[in-house]
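Okay, so here's the structure we're looking at.
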Amino acid sequence: MNRSTRSPATRSMRYLGQTLSRTAAKRAVAGRGRYTDDVVLARMLHAAFLRSPYAHARILGLKVEAARQQPGVALVLTGADLKALCTGPWIGTLSTFAGMKSAPQYAMAVERACWAGEPVAMVVARTRAEAEDAVEAIGIEWQELPAVVDKHAALAPGAPVIHAELGDNLAFRRSIDTGEVDAHFAAADLIVEESFEFGRHTAVSLEPRSLLAHYDPTTGKLSITTSSQCPHMIQRVFAATLGLPDHNVQIIAPDVGGSFGLKIHSYGDELATAAAAIELGRPVKFIADRLESFVSDIHARENWVKARIAVKRSGEIVGFDLDVLSAAGAYSQYPRTSVFEANQVLNITGGPYRHKHYRARASVVYLNKPPSSQYRAVGHPIGNAVAEHLVDQAADRLGIDPIEMRRRNLIADDAYPVVGASGIILKDLSHQRCLDVLVERMRYAELRQEQAELRQQGIQRGIGIAAFIKGTAPGPMGYYGSGGAPISLQDACVIRLEPNGGIICAVGVTEQGQGTDTIMAQIAASALGVPIDAVRVISGDTDAVPYGGGTFGSRGAAIGGEAVYQAARDLRAEILTIAGALLQAEPASLDIVDGIVVDSGGSRRLALAEIGRICHFQQGELPNDLEPCLSHSRRFRLLDDPYIFTNGIHAAHVEVDVDTGFVSLIKHWVVEDCGRVINPQLADEQVRGGCVQGIGGALYEHLIYDRSGQLVNGTLADYLVPMAVEMPDIDVAHVETPSSLSMLGAKGVGESGTGAAPAAVMNAINDALRPFQARVSSQPITPERILSALGKI
Amino acid sequence: MSGEERLMISLTVNGESVSRLVPVRQHLVDFLRLELGLTGAHLGCEHGVCGACSLRVDGVLVRGCLMLAVQADGAHVVTIEGLDASGEIADLQQAFVERNALQCGFCTPGMLMTAADLVRAGVPRTRAEIRAHLAGNFCRCTGYQAIVDAVSATLNKRLSEGGGHV
């Protein structure tokens, strides 16, 4: 069913498409933000952790008595102590990934630590400083074990096996094969092959992971304030692991200081903090410091890809063929697993194009490193960089301009719905229009002219293009919930009319700075016909909002926003029914404008404040057959579609210093289609911020491990993130093709920058290096890699 | 090491006189947050790189995590709460909100402290110079462009209205 056919008239949709400022921004600039670490409770204690110094080691002895005697210490828990307080280990598999395996993982290591940084013991004390002092008093004897650090060696015969019960270090294998790929490649005019390494990254949210747990033994209620994107998932996971009923566990996500997928997971140190709060009957706070964040937050992106493209002389792409080796950590992250990155690479590589032939194989292997899992634009930076690099190389070898090469191969705007070569369902996309808008906005021809002129002066500039698709707003088909994870793929809204005519809108999706609360208010106000200031949105509190999945996979506007839209329409319908009864008028002849019920002539008849007053305080004025509810709930999910795919195209303009290998970013352009744009400024800023996060991975970010499995650059001084001085201005434009899967028509926007910026930047660098017959294909693209490609080192 | 050793300090914070007995190892931001409840300054790295804890001490922009509380004895400390209350950066704050020059807001107090330093100097700055001035403040959300826009707009407005000094 095409659900958009139920779309309403747009007359009252005044706030959709408007740039409105965020209330949360006003608090933040005043220093009134309220993050988890800002919350102080009476008798609160602080947790610190002893973490494994080894990538793989057996615990031979653990002496905690001296730590217990340290000043201020209230509790010391070992991994074994904590295991006894939990219902069981976590196993990070989903039944939807056939053949996937992972070892049971306890919240803290029990007999054996499997990565450097894994929590081993916990101290709870009066202050964090005292807790850290006591951690140093824990005596521990280790037997170091052989570590698996190199993904290329993880499956080699004789390689150490991290978890003996699994038999080997393989987590998962998946392949897609459209059939007879070798024959189709053999018949092509040109095959280009390349190998790609993608460095390991982490999210580096400026606010680290944070959790404050408080347990009241008299009521059995556990209240957790935590920097989380997914309060209901945390509620379920913590309740199940600690043996509490879900409904007695409250999760509050206050202001969240950046998340990017980092904060959709469950972490052992956070669970330990909650367990300690139950043990002590006192509030316990844990704030990860930056050094422990690097070794305990989820990691992402470490993949090796060997890929080929086959093309005809005309430039027509025949197919792609790729092998992916994806590096997980020591365990598959519970409950979302560590295999989505590879899975998404297989799903989306070459996704913008018309080719029919596709073969892709992925192996995900365990290493003695922190678990990897979903981080902004899961898999897309890898798949896009691979495909767009191959498309550019093929175009170059055929003498076809990169823009023209894409023009010849992009799926046509009038072709949808389309089933892509990997089997994905694509609807409502606009590659051709996005390409046209890009060429115009970036003045492509002029830039090429300038590039040629500057080359005469020895200045090496490059222009890189990258088309992309992005899977957003995942549905329940084959996704987390259906694989056994306690994660809802639908989301919800409860909206109600208050006595003063104000609207309270409680939503299951959450706010981390992207402006979710603001766009929900815009949607609700528009659908109802009330002033924006009449709406207050509540999110991030499981005691106050309806059950939902929270925020991940660019689902806030597309899934949560649709729930708000439909709930607001229901409330509007009831208000008009009540108004009809009070005014002796046909509800269908009435409308709501600026919070006032108007008749078909536009005359103002009844304020919502008056309806609220009567329905909440003076029900005697109502006819007996009218029982006002004035509170409406809606849930929304995708039906058969696994994702709402979006599309777009990036261009990067860079200058490469071929003597030093340094890259200067001159400008970046994005034209993307996130369907209906609810707040243009917020959508633009999602794209810009996402681009810079992607550029960070392309040029700087890399968790460097030595051969013993030690992270050697685990400080913010050594792990390089993009700063203001290196970043370019980013031009953003939107083509709006509403999704046909909802009434509102919104698609996801938060990951479109991150997913394709690395591809555009890599192509731009290679364009600059083209006169030297040099190219790079591994990220981060460091000066060293560029100089190496140039044969200078 | 003695974690227990304490010293009495007296200082001015946002115009108010404060005296406290503090652990000698406590850094200035922990002191402000834990002792005074001034939670506007944030801790992003505690090793002087991210800038989230930026403060004004005796008129100079400092990393609050790299200064011990005892070193602030006798000093005049201004935090984001102080800048907000004084109205010194009301225009800059307004520009940040209008331009959406923040998302999660965690870097914002430090970013504003750093930007305040620039806009009060009253010297014309190019976008590149503004970017260089902000180069020690990490923002993971915005990609920086909106921040540069907001700072640039505020500076230019002050200059056009006759001098950036407050």
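Those protein sequences? They're chains B and Z, same order as listed.
At the far end of the first sequence sits residue 1800, using our numbering, and the numbering has no gaps.
At the far end of the second sequence sits residue 171, using our numbering, and the numbering has no gaps.
Idealized CB from N, CA, C, for every residue including glycine.
- Message: If you reduce the DSSP assignment to three classes, tell me which class B/Q1077 lands in.
- Response: Here residue 1077 of chain B corresponds to residue number 70 of the first sequence, with the count starting at 1. DSSP, read as helix, strand or coil, puts B/Q1077 in coil.
- Query: Is there at least one Cβ from chain B nearer than 9 angstroms to Z/Q98's Cβ?
  - Reply: Sequence index remark: in the second sequence, residue 98 of chain Z carries index 93 (1-based). With 9 angstroms as the cut-off, Z/Q98 counts as an interface residue toward chain B.
- Whole angstroms is fine: what's the gap from Z/A74's alpha carbon to B/A1281's? As a first step, residue 74 of chain Z must be located in the second sequence, where it is residue number 69. As a first step, residue 1281 of chain B must be located in the first sequence, where it is residue number 274. In a straight line, the C-alpha of Z/A74 is about 31 angstroms away from that of B/A1281.
- Could you tell me which chain Z residues have their CB closer than 9 angstroms to the CB of B/D1540, listed as they occur along the chain? Residue 1540 of chain B sits at position 533 when you count from the first residue of the first sequence. Contacts between B/D1540 and chain Z, judged by CB atoms closer than 9 angstroms, are missing: the closest CB pair is about 15 angstroms apart.
- Message: Going residue by residue through the region 60 to 101 of chain Z, where are the continuous alpha helix (DSSP H) segments of at least 4 residues, counting only ones entirely within it?
- Response: The qualifying runs are 85 to 91.
- Query: What in chain B is Cβ-close to Z/S102, meaning under 9 angstroms?
  - Reply: Within the second sequence, the letter at position 97 stands for residue 102 of chain Z. The sequence given here has Val at residue 102 of chain Z, not Ser. Within 9 angstroms of the CB of Z/V102, the CB atoms of chain B belong to S1028, R1029, A1032, K1033, A1035, V1036, in sequence order along the chain.
- Just to confirm, are B/M1129 and B/A1367 a CB contact at a threshold of 9 angstroms? Residue numbering aside, residue 1129 of chain B sits at position 122 when the first sequence is read from its first letter. Residue numbering aside, residue 1367 of chain B sits at position 360 when the first sequence is read from its first letter. No, Cβ-Cβ distance for B/M1129 and B/A1367 is not below 9 angstroms.
- Query: Applying a beta-carbon distance threshold of less than 7 angstroms, which residues of chain B neighbour Z/I14?
  - Reply: Indexing the second sequence from 1 puts residue 14 of chain Z at position 9. None at all; the shortest Cβ gap to chain B is about 17 angstroms.
- For Z/N142, is the classification buried or exposed, using 16 other Cβ atoms within 10 angstroms of its Cβ as the cut-off for buried? Start at 1 with the first residue of the second sequence, and residue 142 of chain Z comes out as number 137. Buried: at least 16 other Cβ atoms inside 10 Å.
- Please list, in chain order, all residues of the same chain as B/A1767 whose beta carbon is under 8 angstroms from its beta carbon, the five residues on each side excluded. The residue given as residue 1767 of chain B occupies position 760 in the first sequence. If we look at B/A1767 and ignore the five residues flanking it on each side, its Cβ neighbours are E1395, G1471, I1472, A1473, H1657, A1658, A1659, H1675.
- Query: Excluding sequence positions up to five away, which residues of its chain have a Cβ less than 7 angstroms from the Cβ of B/L1535?
  - Reply: Taking the first residue of the first sequence as position 1, residue 1535 of chain B is located at position 528. Only I1510, A1575, L1578, R1579, I1599 meet the Cβ criterion.
- Task: Identify whether B/N1631 lies in helix, strand or coil by the three-state DSSP scheme.
- Result: Position 624 of the first sequence, counted from the start, is the residue given in the question as residue 1631 of chain B. Residue state, collapsed to three classes: coil.
- How about B/A1499 and B/A1570: do their beta carbons lie closer than 9 angstroms? For this step, residue 1499 of chain B is matched to residue 492 along the first sequence. For this step, residue 1570 of chain B is matched to residue 563 along the first sequence. In contact: B/A1499 and B/A1570 (Cβ atoms closer than 9 angstroms).
- Message: Taking the alpha-carbon of B/S1561 as reference, which of B/E1617, B/T1479, B/S1495, B/D1550 has the nearest alpha-carbon?
- Response: Residue mapping note: residue 1561 of chain B aligns to position 554 of the first sequence, counting from 1. Nearest C-alpha to B/S1561: B/T1479.
- Item | Cβ separation of B/L1353 and B/A1334, assumed to be a contact under 8 angstroms, to the nearest whole Å | For the purposes of this step, residue 1353 of chain B is identified with residue 346 of the first sequence, where counting begins at 1. For the purposes of this step, residue 1334 of chain B is identified with residue 327 of the first sequence, where counting begins at 1. The C-beta separation of B/L1353 from B/A1334 comes to about 16 angstroms, leaving the pair out of contact by the 8 angstroms criterion.
- Message: Can you confirm whether Z/F143, when its beta carbon is compared against all beta carbons of chain B, has any partner nearer than 9 angstroms?
- Response: Here the question's residue 143 of chain Z lines up with position 138 in the second sequence. Closer than 9 angstroms to some Cβ of chain B, the Cβ of Z/F143 qualifies, so yes.
- Answer with yes or no whether the minimum CB distance from Z/V18 to chain B is below 9 angstroms. To locate residue 18 of chain Z, count along the second sequence from 1; it is residue 13. For Z/V18, the answer is no, since every Cβ of chain B falls outside 9 angstroms of its Cβ.
- Give the residues of chain Z in contact with B/G1265, contact being defined as C-beta atoms less than 8 angstroms apart. Along the first sequence, read from residue 1 onward, the residue named residue 1265 of chain B stands at position 258. Within chain Z, the residues Q108, C109, F111, R145, C146 have their CB atoms less than 8 angstroms from the CB of B/G1265, given in chain order.
- Query: Between the region 1171 to 1184 of chain B and the region 1081 to 1094 of chain B, are three or more C-beta pairs nearer than 8 angstroms?
  - Reply: The region 1171 to 1184 of chain B, when compared against the region 1081 to 1094 of chain B, does not touch it at the 8 angstroms Cβ threshold.
- Contacts around B/D1443, its chain only, beta-carbon distance under 8 angstroms, and the 5 residues preceding and following it disregarded: Looking up residue 1443 of chain B in the first sequence gives position 436. Taking C-beta separations shorter than 8 angstroms and ignoring five residues to either side along the sequence, B/D1443 has no partners in its chain.
- Task: For my contact list, B/G1106 and B/R1058 are in at a C-beta cut-off of 8 angstroms; report their separation, rounded to the angstrom.
- Result: Within the first sequence, numbered from 1, the residue matching residue 1106 of chain B stands at position 99. Within the first sequence, numbered from 1, the residue matching residue 1058 of chain B stands at position 51. With 8 angstroms as the limit, B/G1106 and B/R1058 do not qualify as a contact, their Cβ atoms being about 32 angstroms apart.
- Task: Mind checking the region 1510 to 1522 of chain B against chain Z and listing, in chain order, the residues whose C-beta falls within less than 8 angstroms of any C-beta there?
- Result: Per Cβ criterion, the list reads Q1519, G1520, Q1521, G1522.
- Query: Just curious, the beta strand (DSSP E) that B/F1327 is in, first and last residue?
  - Reply: As a first step, residue 1327 of chain B is located in the first sequence; it is residue number 320 there, counting from the start. Segment 1324 to 1334, the beta strand (DSSP E) holding B/F1327.
- Task: Compute the beta-carbon to beta-carbon distance between B/Q1351 and B/V1385, rounded to the nearest angstrom, for a pair I have assumed lies under 8 angstroms.
- Result: The residue you call residue 1351 of chain B lines up with position 344 of the first sequence. The residue you call residue 1385 of chain B lines up with position 378 of the first sequence. The pair is a contact, with the Cβ atoms about 5 angstroms apart (cut-off 8 angstroms).
- With a 10 Å radius around its C-beta and 16 neighbouring C-beta atoms as the bar for buried, classify B/A1016 as buried or exposed. Your numbering for residue 1016 of chain B matches position 9 in the first sequence. Low confidence applies to B/A1016: its pLDDT is 43, below 50, so where it sits in the model is not reliable enough to give any reading.
- For Z/N142, which of helix, strand or coil comes out of DSSP? Your numbering for residue 142 of chain Z matches position 137 in the second sequence. DSSP, reduced to helix, strand and coil, places Z/N142 outside both helices and strands of the structure shown, so it counts as coil.
- Where does B/K1158 fall in DSSP's three states? On the first sequence, position 151 is the one that residue 1158 of chain B refers to. Here B/K1158 sits in helix by DSSP.
- With a cut-off of 9 angstroms, does the C-beta of B/Q1025 fall near any C-beta of chain Z? Here residue 1025 of chain B refers to the residue found at position 18 of the first sequence. Cβ-Cβ to chain Z under 9 angstroms: no for B/Q1025.
- Assuming B/V1131 contacts B/A1054 (C-beta within less than 8 angstroms), just tell me the rounded distance between them. Here residue 1131 of chain B is taken as the residue at index 124 of the first sequence, counted from 1. Here residue 1054 of chain B is taken as the residue at index 47 of the first sequence, counted from 1. B/V1131 to B/A1054, Cβ: 5 angstroms. Contact.
- Query: Do we get a CB-CB distance below 9 angstroms when we pair Z/E9 with the residues of chain B?
  - Reply: For the purposes of this step, residue 9 of chain Z is taken as residue 4 along the second sequence, with counting starting at 1. Against chain B, the CB of Z/E9 has a partner CB under 9 angstroms away; the residue lies at that interface.
- Message: Is it buried or exposed, B/T1012, if we count other Cβ atoms within 10 angstroms and call 16 or more buried?
- Response: Sequence index remark: in the first sequence, residue 1012 of chain B carries index 5 (1-based). Its pLDDT being 46, under 50, B/T1012 is placed unreliably by the model, and the measurement read from it follows with that caveat. With a 10 Å radius around the Cβ and a threshold of 16 neighbouring Cβ atoms, B/T1012 comes out exposed.
- Item | Cutoff 7 angstroms; reference B/L1152; Cβ partners in own chain excluding five residues on either side | Against the first sequence, residue 1152 of chain B aligns to sequence position 145. Contacts found: H1063, A1064, R1065.
- Message: Going by the DSSP bridge assignment, what does B/W1311 pair with across the sheet?
- Response: On the first sequence, position 304 is the one that residue 1311 of chain B refers to. Answer is B/E1204, B/L1332.
- Message: Residues of chain B with CB closer than 7 angstroms to the CB of Z/D89, please, in chain order.
- Response: As a first step, residue 89 of chain Z must be located in the second sequence, where it is residue number 84. Within chain B, the residues placing a beta-carbon under 7 angstroms from that of Z/D89 are A1037, G1038, ordered along the chain.
- Assigned secondary structure, B/K1270 (DSSP; H/G/I helix, E/B strand, else coil): Here the question's residue 1270 of chain B lines up with position 263 in the first sequence. DSSP, read as helix, strand or coil, puts B/K1270 in helix.
- Task: Starting from the Cα of B/L1633, find the closest Cα among B/I1621, B/R1642, B/H1639 and give me that residue.
- Result: Stepping through the first sequence from its first residue, residue 1633 of chain B is reached at position 626. Cα-wise, what sits closest to B/L1633 is B/I1621.
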